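A.B. asks:
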Amino acid sequence: MSETPNRFRLRPPGPGDYARLCEWIPDGPAARRWAGPEIPWPLDGPELALALYREYAHPRALVDETGALVAFGEYYFKPPATVRFARLIVAPNRRGQRLIDALITLLAADANRHRTSDTLELAVFADNRAAVRAYDRLGFVALANTIHTPILTLQRAPFD
Ligand SMILES: CC(C)(COP(=O)(O)OP(=O)(O)OC[C@H]1O[C@@H](n2cnc3c(N)ncnc32)[C@H](O)[C@@H]1OP(=O)(O)O)[C@@H](O)C(=O)NCCC(=O)NCCS
Numbered sequence: 082m083s084e085t086p087n088r089f090r091l092r093p094p095g096p097g098d099y100a101r102l103c104e105w106i107p108d109g110p111a112a113r114r115w116a117g118p119e120i121p122w123p124l125d126g127p128e129l130a131l132a133l134y135r136e137y138a139h140p141r142a143l144v145d146e147t148g149a150l151v152a153f154g155e156y157y158f159k160p161p162a163t164v165r166f167a168r169l170i171v172a173p174n175r176r177g178q179r180l181i182d183a184l185i186t187l188l189a190a191d192a193n194r195h196r197t198s199d200t201l202e203l204a205v206f207a208d209n210r211a212a213v214r215a216y217d218r219l220g221f222v223a224l225a226n227t228i229h230t231p232i233l234t235l236q237r238a239p240f241d
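For what it's worth, this note's numbering labels the leading residue of the sequence shown as 82, then goes sequentially.
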């Protein structure tokens, strides 16, 4: 992994983070590719916080050593022992630098503080090439029954 997770830390997102996230989303298709087909667009920061809110999910802001928001993501628990990631996004000006590695490993470590898991999981539109490449590199594999569907479910074992 090119970006070491200890350059970054997670914290709960605040109103300013949701406003910043809005600046990262150029249009409705990008919003849906990121957050799923149900998300309305455009939204302002407070509306985005409300639209993303799910009682069972743990949203987290990834910040760098200066405290700047560089990525965002959520995790939640799926019985019996799966951690599912969602709404993963890296700041547009930081893409291609493998910040996704830090985001996913820190989200997984955060989840592990609450509950141990035997599977890490996420879903991705099959035509989201940048995301599919990143998850493939990180060792996520598509479940066979999703390979020919528009939305792939990917899984891997927990990080050591
Ligand atoms: C998907 C995403 C989280 C990947 O994060 P990342 O930290 O940029 O991941 P990587 O650095 O591993 O780059 C992954 C791929 O993005 C592409 N990429 C490289 N530079 C890029 C850039 N400047 N802008 C966009 N994509 C770029 C490349 O195809 C790269 O794969 P490669 O390194 O094998 O060539 C990020 O692209 C993103 O936030 N996309 C918008 C939101 C989204 O689609 N989220 C996924 C929801 S499931």
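Beta carbons are placed, not taken as given, at the ideal position from N, Cα and C, and that holds for glycine.
Owing to the predicted nature of the structure, the values given are computational and were not obtained by experimental measurement.
Contact check, leucine 143 vs phenylalanine 89 under 8 Å by CB: the rounded distance?
C.D. replies: The residue given as residue 143 occupies position 62 in the sequence shown. The residue given as residue 89 occupies position 8 in the sequence shown. Right, their Cβ atoms sit about 5 Å apart.
A.B. asks: By how many angstroms is the C-alpha of proline 161 removed from the C-alpha of tryptophan 105?
C.D. replies: Residue numbering aside, residue 105 sits at position 24 when the sequence shown is read from its first letter. Residue numbering aside, residue 161 sits at position 80 when the sequence shown is read from its first letter. Their backbone Cα atoms lie some 34 Å apart in a straight line.
A.B. asks: What span of residues does the beta strand (DSSP E) with arginine 165 cover, start to end?
C.D. replies: As a working note, residue 165 is residue 84 in the sequence shown. From DSSP, the beta strand (DSSP E) with arginine 165 extends over 163-171.
A.B. asks: Measure the alpha-carbon distance for valine 171 versus isoleucine 185 and round it to whole angstroms.
C.D. replies: Indexing the sequence shown from 1 puts residue 171 at position 90. Indexing the sequence shown from 1 puts residue 185 at position 104. Taking the straight line joining both Cα atoms gives about 11 Å.
A.B. asks: Can you tell me the Cα-Cα spacing of leucine 91 and arginine 141, whole angstroms?
C.D. replies: For this step, residue 91 is matched to residue 10 along the sequence shown. For this step, residue 141 is matched to residue 60 along the sequence shown. Distance between the alpha carbons of leucine 91 and arginine 141: 6 Å.
A.B. asks: Taking DSSP's pairing of strands, which residues face glutamine 236 in a bridge?
C.D. replies: As a working note, residue 236 is residue 155 in the sequence shown. Paired residues: Glu202, Val222.
A.B. asks: For proline 160, does the three-state DSSP call read helix, strand or coil?
C.D. replies: Locating residue 160 in the sequence shown gives position 79, counting from the first residue. Coil, per DSSP.
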